[in-house]
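Structure first, commentary second.
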Amino acid sequence: MKSRSQGRHPGARPSAELDEPAAFDQLYRDHVDLIYRFAQRLCGEADAAKDIVQDTFLNAYRGFKKFRGDAQVSTWLYTIASRACLRMRRKRKGEPERELSLEEFIPTSEGEFKLQIPMDGLTPEEALQNKELRRALDQAIEKLPPKYRMVLVLRDMEGLSAKEVGTIMGLNERAVKSRLHRARLFVRRELSARGIARQGGTGTEERMVP
Amino acid sequence: MRRRSRTAPAEKNRPHQRHGHGKAHCLKILKQLSAYLDEELPREVCEEIRRHLGACPNCEEFIESLKQTITLCRHHPVRPLSSTAKARLRRQILEVAASL
């Protein structure tokens, strides 16, 4: 049987209800990499990301008949995945939400103005070959309160617009931009003040994709 | 951007003091840096920020490090899902979906 979404752009709205295994299979194939990448960035763990993928697609299966196509399929899946991830994190770690104030990001000492590991003259890919920098970046993102992390991941890592992020998170654009700014300042501070060891690796280990 | 110092006289020579503003002005700039980098501000506000950055080396360093942070986030690497894991997940999902 030919899939309903076969031959279409992955972001396009499916034209009919998803009630056939082939159509669902196509939805999975078109979006599994996207959702796994998003989940991994949000949860920071490969196993948890796989659980999120499973949860997301099963919820997508259950909810497809209610999906009216007001948003792209990818936006809809991001929404389901983000809720699944927040549920999982609350359940596992009881991560507290907290507000970030701008005042706390004002540098107060030498060494807080620049990044600890300089990336002058390097492409971002080259800079991220440094495993210490990569680890510091991962830890900074991990330390972000969930609602700020979500905005940073969606906007700066997944490359969605502020409007799309607002749709996914149920926020207006102003709130998205406010949270994004604080999240960026938080990560910047973590990368500047952590005292990262400078003898980081040369990045010859496992292959990663941006 | 103001740095704390016990030596008050040295403050007089700090860049933000030399061009007639203090921490409050740096904080005002800091609040707008993402919007500035994302090109969301009106031209005149951008010009004001550029003037400040040109005269305040600490803010200039700060914005450069913020820009680098955003660049790193945009290129944040992730390990792709292996073909084996993808196939296993697909099978598990389809099995559960078929039973719904």
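Sequence lines, in order, name chains A and B. The numbering of the first sequence is our numbering, which starts it at 8 and goes up by one. The numbering of the second sequence is our numbering, which starts it at 3 and goes up by one. Where is the CB? At the ideal position from N, CA and C, for every residue including glycine. Only a predicted model underlies this, so the values are computations on that prediction, with no experimental measurement involved.
Item checked: Any chain B beta carbon closer than 8 Å to residue 52/A -> Numbered from 1 along the first sequence, position 45 holds the residue referred to as residue 52/A. No, residue 52/A lies away from the interface with chain B (no Cβ there is under 8 Å from its Cβ).
Notebook entry, point to check: At least one CB of chain A closer than 8 Å to the CB of residue 31/B: is that the case?
Noted result: Position 29 of the second sequence holds residue 31/B. No, its Cβ sits nowhere closer than 8 Å to a Cβ of chain A.
Notebook entry, point to check: So which residues on chain A does residue 58/B lean against when the C-beta distance must stay under 9 Å?
Noted result: Here residue 58/B is taken as the residue at index 56 of the second sequence, counted from 1. Ordered by position in chain A, no residue passes the 9 Å Cβ test against residue 58/B, which lies about 11 Å from the chain.
Item checked: Under 7 Å from the C-beta of residue 99/B: neighbouring residues of chain A -> On the second sequence, position 97 is the one that residue 99/B refers to. Neighbours of residue 99/B on chain A, chain order: 31, 65, 68.
Margin query: For residue 97/A and residue 93/B, what's the separation of their Cα atoms in angstroms?
Written below: For this step, residue 97/A is matched to residue 90 along the first sequence. For this step, residue 93/B is matched to residue 91 along the second sequence. Near 28 Å, if we compare the C-alpha coordinates of residue 93/B and residue 97/A.
Checklist line | Contact list for residue 171/A against chain B, beta-carbon separation under 7 Å | finding: For the purposes of this step, residue 171/A is identified with residue 164 of the first sequence, where counting begins at 1. Neighbours of residue 171/A on chain B: none; closest Cβ ~14 Å, over 7 Å.
Item checked: Per-residue DSSP class, three states only, for residue 134/A -> Reading the first sequence from its first residue, position 127 is the one you call residue 134/A. Helix, per DSSP.
Note to self: Between which residues of its own chain and residue 35/B is the CB-CB distance below 7 Å, once the five residues before and five after are set aside?
What the structure shows: Sequence index remark: in the second sequence, residue 35/B carries index 33 (1-based). Closer than 7 Å at the Cβ level, and outside the excluded window around residue 35/B, lie 65, 68.
Notebook entry, point to check: Can you tell which of 31/A, 199/A, 152/A has its C-alpha closest to the C-alpha of residue 240/A?
Noted result: Because residue 240/A is not part of the residues shown, which for chain A are 8 to 217, the question remains open.
Item checked: Backbone CA spacing between residue 75/B and residue 195/A [nearest angstrom] -> The residue given as residue 75/B occupies position 73 in the second sequence. The residue given as residue 195/A occupies position 188 in the first sequence. Roughly 10 Å separates the two Cα atoms.
Notebook entry, point to check: Are there 16 or more other CB atoms within 10 angstroms of the CB of residue 173/A, so buried, or fewer, so exposed?
Noted result: Numbered from 1 along the first sequence, position 166 holds the residue referred to as residue 173/A. Buried is the call here.
Checklist line | C-beta neighbour in chain B for residue 94/A, strict 8 Å | finding: Translated into positions along the first sequence, residue 94/A becomes position 87. No, residue 94/A lies away from the interface with chain B (no Cβ there is under 8 Å from its Cβ).
Checklist line | Euclidean distance between Cα positions of residue 51/A and residue 52/B | finding: Taking the first sequence and counting its residues from 1, one reaches residue 51/A at position 44. Taking the second sequence and counting its residues from 1, one reaches residue 52/B at position 50. Going from the Cα of residue 51/A to the Cα of residue 52/B covers about 37 Å.
Check: Per the contact definition of three or more C-beta pairs closer than 8 Å, is the region 29 to 44 of chain A in contact with the region 44 to 63 of chain B?
Finding: no
Margin query: Counting only C-beta atoms, is residue 67/B closer than 8 Å to chain A at any point?
Written below: Here residue 67/B is taken as the residue at index 65 of the second sequence, counted from 1. Chain A, which has a Cβ nearer than 8 Å to the Cβ of residue 67/B, makes this yes.
Checklist line | Members of the region 106 to 139 of chain A that neighbour chain B once the beta carbon cut-off is set at 8 Å | finding: 109, 110, 112, 113, 114, 115, 116, 117, 120, 121, 122, 126, 131, 132, 134, 135
Note to self: Using only the alpha-carbon positions, how far apart do residue 213/A and residue 47/B sit?
What the structure shows: Along the first sequence, one-based indexing puts residue 213/A at 206. Along the second sequence, one-based indexing puts residue 47/B at 45. At residue 213/A the pLDDT is 41, less than 50, meaning the model places this residue with poor confidence; the figure from the coordinates comes in the next sentence. Computed Cα separation, rounded: 45 Å.
Margin query: Helix, strand or coil for residue 34/A? Go by DSSP, reduced to three states.
Written below: Translated into positions along the first sequence, residue 34/A becomes position 27. Helix at residue 34/A.
Next item on the list: Note down, in chain order, all residues in the region 166 to 195 of chain A with a beta-carbon under 8 Å from any beta-carbon belonging to chain B.
Entry: 166, 184, 187, 188, 191, 192, 194, 195
Notebook entry, point to check: Closer than 8 Å, CB to CB, is residue 37/A near chain B or not?
Noted result: Residue mapping note: residue 37/A aligns to position 30 of the first sequence, counting from 1. No, residue 37/A does not count as interfacial toward chain B.
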